[in-house]
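Chains as they are written, first to last, in the working numbering: chain A, 641 to 1073; chain B, 641 to 1073. Don't be surprised by glycine CBs; every beta carbon is placed ideally from N, CA and C. Values in this document were obtained by computation on a predicted structure and should not be read as measured data.
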């Protein structure tokens, strides 16, 4: 049974702290293994990729087989039923429409001292997306990673996806094609990250790597950070639902189970002003768990990390939610937009009872790659900004240099950086000649 | 002597590749030491900070002495000469004016399906800035880190700065006060990063850590990444100057030396269409090196990593510059803005002969915390965005859910996530009742 707390309980603060700090993930220390794999790929390139793929994915390839050919992609895509293809296209279109709005503006202005200042955004030239294999091989994640990259203007976009025993998920290939991905490789694990970061004979290196993965992938991304850019290291996901009593318990139960069914270490929390509603949701969950295919996974998550918290009012609910800083936050209340303004830390907010979190996973438009494990305190979901970088611009006129140069000379002197100061002094001298 | 290359040389490509891949920094492997320090601070809090500060900074403190008191800050600030105070205030005002323009907009719109979508930006609640001690203790860097944080709306902003042997740089404290920093601690090294990330009795934990540091600080930041946000790991800095022959060789020589004097591993590269001008700059540098206080440092950098490259035209210059992706790029040409549009990868661009890079270090307005070591290919200088995070918003109406819900059901089924699908199905069923 999940914990059932009430903020008026004497020991609430202790119980809530335990909920917040519960270690939900055992990260095995795979750092040495990963370091060796990366070194091997750097040293031997394709030969290492072929060997490692035979070892970990039980798949014998020639180097030429590392990359899917256009014909292979076409054949797999053709095998996808029409309804699934249509659903992917609807999702892609909505995700694209949302992310296009994120494109930031360039700026250039001249200030009162005569200095022209500004910045200009530009796309990363090449990006690589890691797609996990097996059960966690989600075509929706391909769309969510690839579309922002293409909207940003990334010219060369690669995917690596492991195909254990040669099994291919055709939906992943179709999602990649719909999103405009340029290259797809049969690669997984730390060796895929190494190939993307350092390049081999077959895989040209990229500048930025995104996408979720297991402990080996996460450790490899951490290691190549600096050589290339990476997105956040994803942890187990969580949902927090704030609901008043005026909701359908089955809706909320299914939303909580949507997180729980991902992973035994997912966390689902209901915060409600109505204890009876909280109990009704628990009863619905117990019923649904006996029916769901992934009931054992969802049940373990709900049992070990689930919680129902009864609060006095919605202000208290917002404060508790901010301490969780949930990846997904549903506001099932009469005025969800008003309540959303009291929330400071959340990856994505779903407003009102007609917005199940699952809509956001697939077709809402906003990105479903979101900050986990409390990191919404300091980070954001994936966006076009992750595939752009900004160059700042500055141009002094003689007038501007006369106005602000002396302050630069003073500060350079105070930092004992003589050439810095002289580079200004020499120019001011010439202007005064 | 630095290398003097010409793109028409037969072996140019080889020489240029060597220049690009020259390993300029020996990163000692301090990871085990840093792991032990972090574990110690997590386990023993202030007691560990006091012990480590005595050991590394030769400074005996009580826990109450870890934080500067308002009276101590005031006394140090009062010791700063008026001209230095005025220069810091000019710099702060210009940096603030630039960064205010970076504040991004919130958005909320309703799409044709009736879905309301958008996002909202919010500030990180608490941030910590690491300021190095000793020679690299730059008050300008305090301004460049702290002002974007305060512009973003960070409520609690801390600085840690080591004070080896108790020596305090009063300009650092004054810069912190001008920038609006809330707390200043006498802490350095990995122990400062550990205190900021995990908190102790005296130091409350923060959500985001920025600022440069030595190998211990960099390793500690890499380790706490995920628990808190961090900025890029800074490497040795570089400048690339593109100049035609119509420039003052002394100006360009001083600008190249401004980078070189930072650090023996800094890199200064001149790309010019005029070989004679290139030779004149080299001669100026040789003369200046005998005069500069930091001549030995600048001389070592110029000798080991400096380069002059003669190109056929400015298009070729832009292509070479993009392969370097320099932290700082000066365009000393007749139409610098036009040339800047051909540049894809640079941290900051300085336009025209009256814009020495040193202006950007202090008073230009754009941030001087910039991507080093080729990372301008995928990352940007520090900005207000580093202290903000974005929450996405989505609200479905019954109409919107009817329109796009079925696609979500299809995709959930294709990913075998049954509760995801049912959370939509249950709602559609109720709507159709």
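Under 8 Å, do residue i and residue j count as touching if we go by C-beta distance?
i                      : j                      : result
residue 923 (chain B)  : residue 929 (chain B)  : no
residue 1146 (chain A) : residue 834 (chain A)  : Past the boundaries of the shown model lies residue 1146 (chain A); chain A is included only from 641 to 1073, so the question cannot be answered.
residue 945 (chain A)  : residue 993 (chain A)  : no
residue 657 (chain B)  : residue 1002 (chain B) : no
residue 703 (chain A)  : residue 841 (chain A)  : yes
residue 958 (chain A)  : residue 979 (chain A)  : yes
residue 982 (chain B)  : residue 955 (chain B)  : yes
residue 642 (chain B)  : residue 843 (chain B)  : no
residue 998 (chain A)  : residue 1048 (chain B) : yes
residue 761 (chain A)  : residue 1028 (chain A) : yes
residue 916 (chain B)  : residue 885 (chain B)  : yes
On the premise that residue j lies in contact with residue i, defined as a C-beta separation below 8 Å, what is that separation, rounded to the nearest angstrom?
i                      : j                      : result
residue 800 (chain B)  : residue 778 (chain B)  : Going by Cβ atoms, the distance from residue 800 (chain B) to residue 778 (chain B) rounds to 15 Å, so no, they are not a contact pair.
residue 1030 (chain B) : residue 1020 (chain A) : 4 Å
residue 837 (chain B)  : residue 864 (chain B)  : 4 Å
residue 814 (chain A)  : residue 728 (chain A)  : 6 Å
residue 738 (chain A)  : residue 832 (chain A)  : In fact, because the Cβ distance is near 28 Å, the residues do not count as touching under 8 Å.
residue 960 (chain B)  : residue 911 (chain B)  : 6 Å
residue 792 (chain A)  : residue 763 (chain A)  : 5 Å
residue 888 (chain B)  : residue 1070 (chain A) : 7 Å
residue 1032 (chain B) : residue 1007 (chain A) : 7 Å
residue 1057 (chain B) : residue 901 (chain A)  : 6 Å
residue 675 (chain B)  : residue 1004 (chain A) : About 41 Å separates the two Cβ atoms, so there is no contact after all.
residue 766 (chain B)  : residue 847 (chain B)  : 5 Å
residue 828 (chain B)  : residue 802 (chain B)  : 2 Å
residue 754 (chain A)  : residue 1037 (chain A) : 4 Å
If I measure Cβ to Cβ from residue i and keep anything under 8 Å in the same chain, skipping five residues before and after, which residues do I get?
i                      : result
residue 858 (chain A)  : 667, 873 and 874
residue 1023 (chain B) : 739, 742, 788 and 1007
Under 6 Å Cβ to Cβ from residue i, same chain only, skipping five residues before and after it: list those, please.
i                      : result
residue 823 (chain B)  : 798
residue 1010 (chain B) : 967, 987, 988 and 1021
residue 883 (chain A)  : 892, 912 and 972
residue 750 (chain B)  : 756
residue 805 (chain B)  : 698
Give the DSSP-derived three-state secondary structure of residue i in the structure shown.
i                      : result
residue 653 (chain A)  : helix
residue 1001 (chain B) : helix
residue 928 (chain A)  : helix
residue 687 (chain B)  : helix
residue 663 (chain B)  : coil
residue 1014 (chain B) : coil
residue 646 (chain A)  : strand
residue 993 (chain A)  : coil
residue 1054 (chain A) : helix
residue 905 (chain A)  : coil
residue 677 (chain A)  : helix
residue 670 (chain A)  : coil
residue 796 (chain A)  : strand
residue 807 (chain A)  : coil
residue 881 (chain B)  : strand
residue 768 (chain B)  : strand
residue 776 (chain B)  : helix
residue 1065 (chain B) : helix
residue 923 (chain A)  : helix
residue 897 (chain B)  : helix
residue 1042 (chain B) : helix
residue 988 (chain B)  : strand
residue 1030 (chain A) : strand
residue 913 (chain A)  : coil
residue 874 (chain B)  : coil
Counting only the same chain and skipping the five closest in sequence on each side, list residues whose C-beta sits under 7 Å from that of residue i.
i                     : result
residue 790 (chain A) : 797, 819 and 820
residue 925 (chain A) : 893, 896, 897 and 942
residue 701 (chain B) : 690, 693 and 826
task: Would you list, in sequence order, the uninterrupted beta strand (DSSP E) runs of no fewer than 3 residues that lie entirely inside the region 707 to 761 of chain A?
output: 747 to 750
message: My parser needs the beta strand (DSSP E) runs of 3 or more residues fully inside the region 940 to 983 of chain B; what are they?
response: 947 to 950 and 968 to 972
message: Give the list of continuous beta strand (DSSP E) stretches no shorter than 3 residues that lie fully inside the region 810 to 869 of chain A.
response: 823 to 825 and 848 to 850
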